[in-house]
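Q: Here it is, the structure in full.
Residue numbers (our numbering): 165 to 279.
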């Protein structure tokens with residue numbers, strides 16, 4: 165137990181310790197995993213994991229992901245489907261970050277401003 169935090173709500177704990185909620189930490193980890201796969205894992209095992217759109221109509225982004233359509237609701241929570249919408253909403257400077265530390269900084273900034 166951390167002194168001074170007894171009796172406070174979970175959100176107050178996180179704010180005072182400078183941490184993200186569990187959902188934001190999971191999303192951050194998922195987006196970092198997608199970045200690692202797209203930047204380092206091309207042509208390796210699991211190369212068919214994501215469908216990447218590289219057309220002119222992707223709003224200036226070079227790596228938009230396609231989301232498949234499924235009849236079963238259970239597939240909507242698969243990792244590959246869970247992260248596509250979040251990845252496509254990221255600004256292009258995040259997607260084209262030159263290193264893993266840069267994307268982590270960008271994600272921390274974005275998630276810090278998210279409600």
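Where is the CB? At the ideal position from N, CA and C, for every residue including glycine.
1. Tell me which same chain residues have a C-beta within less than 8 Å of the C-beta of residue 262, skipping the five on either side of it?
2. Apply the 10 Å Cβ neighbour rule to residue 198 and answer buried if 16 or more other Cβ atoms are within range, or exposed otherwise.
3. Just checking, does the stretch 252-261 make contact with the stretch 269-276 on the three C-beta pairs under 8 Å criterion?
4. From which residue to which residue does the alpha helix (DSSP H) around residue 248 run?
5. From residue 175 to residue 167, what distance separates their C-alpha atoms?
6. Which class does residue 222 belong to by DSSP, given the choice of helix, strand or coil?
7. Residues bridged to residue 215 by DSSP?
8. Please report the residue range of the alpha helix (DSSP H) in which residue 184 lies.
9. Do residue 169 and residue 185 come within 8 Å of each other at the CB atom, strictly closer than that value?
10. Pick from 203, 244, 230, 246: whose alpha carbon is nearest that of residue 260?
11. Judging by CA-CA distance, which residue of 266, 214, 278, 177 is the nearest neighbour of residue 243?
A: Let's see:
1. none
2. buried
3. Touching, yes.
4. Element bounds for residue 248: 248-253.
5. 16 Å
6. Since pLDDT at residue 222 reaches only 49, below the 50 mark, its modelled position is unreliable, and the value read off the structure follows with that caveat. Shown here, residue 222 sits in coil according to DSSP, grouped into three states, outside any helix or strand.
7. Within the DSSP bridge table, the entry for residue 215 names 230 as partners.
8. First-last for residue 184: undefined, no H or E at that position.
9. no
10. 203
11. The shortest C-alpha separation from residue 243 is found at 214.
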